[in-house]
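Contents: one structure, followed by commentary.
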Amino acid sequence: MRNAGDDLHAFVEADLQFHLEIARSSGSTVLLDLLQSVRSLLRVWADRAVQDGSHALVAIEEHAAVFDAIGRRDAEAAASAMAAHRRTAARRLTDDQARG
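Numbered by the working numbering, the letters in the sequence shown go through residues 723 to 822 in order.
What follows is the structure, encoded as structure tokens:
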């Protein structure tokens, strides 16, 4: 995903795939089905969110924290990192909507 940071469209695809793989590996069919059903909406939002590139860099670092915690089998750290990522994404979405 770090290599995709220079190509924003490639980043968005890698970002969506990252989230789908996390959902798949969680074993939660509900989460996986939910993400797959809203994938096109997520792609549109993600395309808008990363236009300046800085959001992509932040997301890459947040994803790395989640991935590293999963690799260490540290569920608490993974949950904390994912919660931080969700908060950042929600803030970006709110800011984006406020700007119109």
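Cβ atoms here follow ideal geometry from the backbone N, Cα and C, with glycine treated the same way.
Note that the structure is predicted; figures quoted are calculated from it, not measured.
Residue i in three-state terms, based on DSSP
i, result
"V734", "helix"
"R795", "coil"
"V766", "helix"
"S750", "coil"
"Q773", "coil"
"R821", "helix"
"V825", "Only positions 723 to 822 of the chain appear in this structure, which leaves residue 825 out of reach."
"V760", "coil"
"D790", "helix"
"D755", "helix"
"M804", "helix"
Spatial neighbours of residue i in its chain, beta-carbon cut-off 6 Å, leaving aside the 5 residues before and after
i, result
"A797", "none"
"G793", "none"
Exposed unless 16 or more other CB atoms sit within 10 angstroms - verdict on residue i
i, result
"D737", "buried"
"H741", "buried"
"H777", "buried"
"H785", "buried"
"A800", "buried"
"V772", "buried"
Residues near residue i by beta carbon distance below 7 Å, same chain, minus five either side
i, result
"R765", "V734 and L738"
"A761", "In the sequence as presented, Ala is not what sits at residue 761; that position holds Arg. Excluding positions up to five away in sequence, the list reads L738."
"A726", "Annotation note: pLDDT 49 at A726 (below 50); position unreliable, coordinate value reported separately. Excluding residues within five positions, the ones whose Cβ falls inside 7 Å are A732, F733 and A736."
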